[in-house]
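Here it is in C-alpha cells:
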C-alpha cells in the first residue's frame, strides 16, 4: 500500500497545475465531522453542522429560504418546487430535518403549483415568492412576484395572488430577494438588470435616466446585456398587498439581496461583469449603500459610469471578482457582538462568506471586510438567521449539488453587550442626508430653499441627496437659479440637474454658465465634476455650435492633458465629441505613456488570492493576471476610435500600431472584441485606398471572423468535449498504438499542461518535468490522476492555506521561507510574481486538500484527442516509444 501511495503521490506531483485551499475544522473531543463540514474554514468558537442534501433526494438545487411563523424553514429549488422543513434543535441526536414538498393550489402531485423561484419571504401571514422563469408546460407562472396565503387554516397555501409580472429577459439577472422594512409596514425588493422597470406609483429617483456617456459606444462583443439600457438593476418598495410601488434606487448590474442595518440603512452586494476584467470600465463586485433616489451607474457594454462621476454614488467597499448572492445583517444572531453588528455578503463563485464591518462616516459609511466562512467548492446561495439565533445557509444553484448547513456559536455569550449602532451614533451629515431625502417624494414647499445650500456641501452623499431633492421640484423654481449660480460646487450640481430636466434650447446657456468657473483655482474634485457637467450637457443635448463651441474647445484645450487619469478620460471624450483640432494629437501623445493609477480598482480580495479557490474561474484569472492590459491606455484608445476628425497619415500609423500591440494582452473574455470594435471605428475614417494597409497594420489579420478572439496558429481541440469520467475514458487508453504525436503535443499545449510542466525540454517550470512520466506509470494510472486529481495530492507540490490575523486567508504554493516571511506563488502563469507574507500576520497554516484545475482540463477534448494526449504523456514525446509501435 505504501508503494501504491508513493506512486500516486509522484504521479499527482507530475500532473497538478494548481492547488486549491480548504481548511478543515478541528474538534477537541474528536467527534466525527461530516466531510462537507470538514472543508469549511470557520472563526474560532463557531461550529457548523451539515443538515441536508436535497440533491440526494431528487429535490433539486436550493437557492432561496425563509422561516415561517412556526419556526419552519421554507426553501425553493431554482428549477422546481417549494419545500418546508422541520429542523432539529441544536444539540439534537439527529440533525436530519423532516422535509415536505408543498403542493400549492389545485395542481395535484404531477404539477408544481409554485416554485422556480430565486427568493422566498414569509411576512404578513403570507409567503412571497419571486418567480424567475419563462412559463412552460411543467410550470405555468411567469416571471414576477406572487403572494401565497392559507385561507382555510389547514396549514397549506391554497391561494396564489399575482402581485406583478415583470417584462424583460427572465433568468439569473431577473428579480431576486425581498426583505421587510424596519418599520414592519413594507417590503423592499431587488431586481437585476435584465428586467424592465415597471410603471411605479412613486419615483424617488426622477425617471429621466439616460446613458450620459460620450465614450463611443461598444456593447459587449459577445452579446451580453446588449439589449438592456438604463437604468439597469433596481430596488423598489411595495406595500404588503403589492398595490403601491415606489422606485428607490437604480444603476445596479445584478444584486441578489438587500439587508437593513440597526438604524434602517439599506445595503446590497452588486455583481461585476467578469468578461470586462482588465478593461477600464470593469467594476468589481461591491457593497453599495442603497440610499433614497440613488444611482449607481450601470450601463451596458463600455458605457458604465465611473464611481468618480458626481451624478452617481461610490461603493462603500469594493470586494473584487465573484458572484454575489445573499446579504443579511447579523443583529438577530446569537453571536458575539463583533459578529452580530455586521453585514454579511455571500460570493457564489469562490465560496466566501464575507463579514462587512460598517462604520458611519459622513452621509454614508466606511467599511472593512474579512472572511467569515469559506470553503471549496462552496457555491453559496442563500442564508438567514433562524429563530434559534443560528445561521442557516445553503449551497447550490445552476443545478449544482446543494446542501443545507447550520452555524452556531459555542462559546459563552452571557457577558456580551446587547447594543449595536443607534441613531445617536450617526454623524450630522447622516442626519442631513435623511432630511434631504424627505424631499424625494415630489414637489414640496420650501424644498429649494432647504436643499440648495447643500449642493455645495463637502460630503458626497449629502450633495447627491440635495440634487435629487432639487430635481423633484418644478423646473421653473430653479432653472434661473442654476444658470446664475456662482459657487462652482453648487454650479456643477445644478447644471447636471438642469441638463437632466431642461431643454436643448438651454444648452448654450448651460455651457456658458459652466465656463465662468475659474478652472485653475479649483481642486481636483471640482475639476472632475466640472468636466463631468460638460459631458452630461453635451450627451443630453448635443454639441454647441459657432462661437460657443469654439469658446468651449479653447476653455478645455488650455487644461488638457489634465492632472489625473479620470479627468483626462472625461475631457478627452468631450474634446473628441466637439471635433477639437487638438483632440487626436493630444490623445495620441498620451496613448503610449499613460500609466494606471496605483490604486486603480483596489479591492478587498485581490484577484490573485482567488486563483486557487475555484476550478472554473481560477484559470481564467491566472491567465489574465499574467498580462493585464493597461487600463488608461485602453480607455484613451477607445475614445480615439470614435474620433471623426483630426487624423493624418502619421496619427493613423501610431494608433493602429497601438491596437496591434494591444492584442498581446489578456483581459476578460470580451477584451479582444472591445479592442477590435475600437479599431474598426477608427478604420471607418481612413481613406479607402489605405484601408487594407491599415487593417493589416492594426492586427486585423490576427482576428477571428467575429473579432472576438485571436486566431490560434497552433492545433486546437475540435471537440466536441465532454465531462470525462475514468469509467468512460479508461477503455480509450487500453490501446494507444498509432496515435498522432504532433496532435498529442498540441493537446498538451491546448489543455495548458505546458504552462506549468516541461516535456522534452519545452514548457513551464512551475511543476516537475513530465518527460519520464510514462516510464513509471501505466496509461490508466495517468488517466485516473488526470481526471480525479483530488484522490492524492503530493506534499511536494501542494498549496498552502495561510490564515491571517485579520481573518482573511491566502492560498498559494510556498516556495521558501525565512525567519520573518513566507514567499508564496499564486499564479502559475506568472511564477516570478511572489507574494511576501509576514509571518507575524499569520495565525495558522494548513496544507491544501483540493486540486482545482485538472478536473476540467481535458473536458475540451473528444475521444480521439484524449487518446492522442495520453499517448503523448505516456511516451514523453518520444516517437520511438513502444506506445506508438
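In my numbering, the protein residues as written are 97 to 981. Using N, Cα and C, we set each Cβ at its ideal position, and we do this for glycine too.
Following the continuous alpha helix (DSSP H) through residue i, name the residue where it begins and the one where it ends.
{"i": "residue 754", "result": "745-758"}
{"i": "residue 847", "result": "Taken as a continuous stretch (DSSP letters only), residue 847 belongs to no alpha helix (DSSP H), as it is neither H nor E."}
{"i": "residue 934", "result": "Unbroken run through residue 934 is the beta strand (DSSP E), 930-934; no alpha helix (DSSP H)."}
{"i": "residue 789", "result": "787-793"}
{"i": "residue 971", "result": "959-971"}
{"i": "residue 735", "result": "727-737"}
{"i": "residue 386", "result": "From DSSP, residue 386 is part of no alpha helix (DSSP H); its letter is neither H nor E."}
{"i": "residue 645", "result": "642-653"}
{"i": "residue 563", "result": "556-567"}
{"i": "residue 516", "result": "Counting along the chain, residue 516 falls outside any alpha helix (DSSP H), and DSSP gives it neither H nor E."}
{"i": "residue 290", "result": "It is not in any alpha helix (DSSP H) - residue 290 carries neither H nor E in the DSSP assignment."}
Is the CB-CB distance between residue i and residue j below 7 Å?
{"i": "residue 422", "j": "residue 380", "result": "no"}
{"i": "residue 364", "j": "residue 350", "result": "no"}
{"i": "residue 314", "j": "residue 773", "result": "yes"}
{"i": "residue 684", "j": "residue 750", "result": "yes"}
{"i": "residue 985", "j": "residue 211", "result": "A question about residue 985 goes unanswered here, because the residues of the chain that appear run from 97 up to 981."}
{"i": "residue 130", "j": "residue 501", "result": "no"}
{"i": "residue 53", "j": "residue 680", "result": "Any question about residue 53 goes unanswered here, given that the chain covers just 97 to 981."}
{"i": "residue 167", "j": "residue 483", "result": "yes"}
{"i": "residue 243", "j": "residue 263", "result": "no"}
{"i": "residue 195", "j": "residue 216", "result": "no"}
{"i": "residue 394", "j": "residue 248", "result": "no"}
{"i": "residue 717", "j": "residue 922", "result": "no"}
{"i": "residue 670", "j": "residue 631", "result": "yes"}
{"i": "residue 430", "j": "residue 479", "result": "no"}
{"i": "residue 582", "j": "residue 613", "result": "no"}
{"i": "residue 447", "j": "residue 465", "result": "no"}
{"i": "residue 345", "j": "residue 390", "result": "yes"}
{"i": "residue 567", "j": "residue 593", "result": "yes"}
{"i": "residue 404", "j": "residue 624", "result": "yes"}
{"i": "residue 920", "j": "residue 908", "result": "yes"}
{"i": "residue 273", "j": "residue 496", "result": "no"}
{"i": "residue 752", "j": "residue 790", "result": "yes"}
{"i": "residue 220", "j": "residue 336", "result": "yes"}
{"i": "residue 469", "j": "residue 136", "result": "yes"}
Which two residues bound the contiguous beta strand (DSSP E) that contains residue i?
{"i": "residue 463", "result": "460-470"}
{"i": "residue 896", "result": "896-900"}
{"i": "residue 414", "result": "413-416"}
{"i": "residue 940", "result": "938-943"}
{"i": "residue 488", "result": "487-491"}
{"i": "residue 678", "result": "Unbroken run through residue 678: none, as it is neither H nor E."}
{"i": "residue 669", "result": "Looking at the DSSP string, residue 669 is not in any beta strand (DSSP E); the run it does join, the alpha helix (DSSP H), is 661-673."}
{"i": "residue 442", "result": "439-443"}
Going by the DSSP bridge assignment, what does residue i pair with across the sheet?
{"i": "residue 257", "result": "243"}
{"i": "residue 855", "result": "858"}
{"i": "residue 172", "result": "160 and 178"}
{"i": "residue 195", "result": "181"}
{"i": "residue 215", "result": "226"}
{"i": "residue 765", "result": "DSSP lists no partner for residue 765."}
{"i": "residue 921", "result": "909 and 930"}
{"i": "residue 329", "result": "348"}
{"i": "residue 341", "result": "334"}
{"i": "residue 502", "result": "145 and 488"}
Am I right that residue i and residue j are in contact with their C-beta atoms under 8 Å? What's the rounded C-beta distance?
{"i": "residue 794", "j": "residue 755", "result": "5 Å"}
{"i": "residue 878", "j": "residue 970", "result": "7 Å"}
{"i": "residue 855", "j": "residue 866", "result": "5 Å"}
{"i": "residue 341", "j": "residue 297", "result": "5 Å"}
Applying the criterion that 16 or more other CB atoms from any shown protein chain within 10 Å of the CB defines a buried residue, is residue i buried or exposed?
{"i": "residue 797", "result": "exposed"}
{"i": "residue 934", "result": "exposed"}
{"i": "residue 347", "result": "buried"}
{"i": "residue 975", "result": "exposed"}
{"i": "residue 171", "result": "buried"}
{"i": "residue 309", "result": "buried"}
{"i": "residue 661", "result": "buried"}
{"i": "residue 64", "result": "Any answer about residue 64 is impossible in this case: the structure gives the chain only from 97 up to 981."}
{"i": "residue 905", "result": "buried"}
{"i": "residue 658", "result": "buried"}
Give a yes or no on whether the minimum CB-CB distance between residue i and chain C is below 7 Å.
{"i": "residue 570", "result": "Of the protein chains in the structure, only one exists, and it is not chain C."}
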